[in-house]
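Novice: Shown below is the structure under consideration.
Numbering (my numbering), first residue to last: 65 to 185.
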C-alpha cells in the first residue's frame, strides 16, 4: 500500500506542477474518485482494452506506454504537451488539446489519479 500511496502522490504532484504553470490551484486527492477510476483501470487491464468509460460524469485522461514512454512523468507530460496546440485566445475544447485542458482545468479540484496507472504483468 505504501508503494501505491507514493505513486498516487507522485502523480498528484506532477498534475499540480503543470497546473501551477497556469496559475491554477492544486488538485486534492479524493478516495471516491480514485476508487471510481481504479475500477475502470482494472477493467481495462482485465479485458485488454483501452477506451474511455461511456456516460462518464467526470472528465478522464487515459494514457499508456512502455519503457521510457510509460513512466508517469512521460505520460502526464504528454498530456501537458498538448499546450502547444491550445489556442488561449479561443479557450474552448478541441480534440487535440482535450488532455491538456483536463489537466489544467480551473474548476477541477479533484482528479481521478489512478485511471492511467495500469500494471500488466
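For glycine and all other residues, C-beta sits at the position ideal for the given N, C-alpha and C.
Source: prediction; values computed, not measured.
What does the alpha-carbon distance come out to for the pair residue 137 and residue 156?
Specialist: 26 Å
Novice: Taking the alpha carbon of residue 164 as the reference point, which residue from 83, 73, 72, 71 has its own alpha carbon closest?
Specialist: 83
Novice: Report the partner residues of residue 141 according to the DSSP bridge assignment.
Specialist: According to DSSP, residue 141 bridges with nothing at all.
Novice: Can you tell me whether residue 100 is buried or exposed? The criterion is at least 16 other CB atoms within 10 Å of its CB, across all chains shown.
Specialist: Answer is buried; the Cβ neighbour count reaches 16.
Novice: Skipping 5 residues on each side, what residues in its chain have a beta carbon closer than 7 Å to that of residue 133?
Specialist: Beyond the five residues adjoining it in sequence on each side, residue 133 comes within less than 7 Å, by CB distance, of no other residue in the same chain.
Novice: Thinking residue 91 and residue 80 are a contact (beta carbons under 8 Å), I'd like their distance in whole angstroms, please.
Specialist: 6 Å
Novice: If residue 127 and residue 108 are in contact, beta carbons under 8 Å, what's the gap, nearest whole angstrom?
Specialist: Between residue 108 and residue 127 the Cβ distance is about 12 Å, and since that is not below 8 Å, they are no contact.
Novice: Tell me which residue opens and which closes the alpha helix (DSSP H) that residue 167 is part of.
Specialist: For residue 167, the enclosing alpha helix (DSSP H) begins and ends at 162-168.
Novice: Between which two residues does the alpha helix (DSSP H) harbouring residue 101 extend?
Specialist: 95-111
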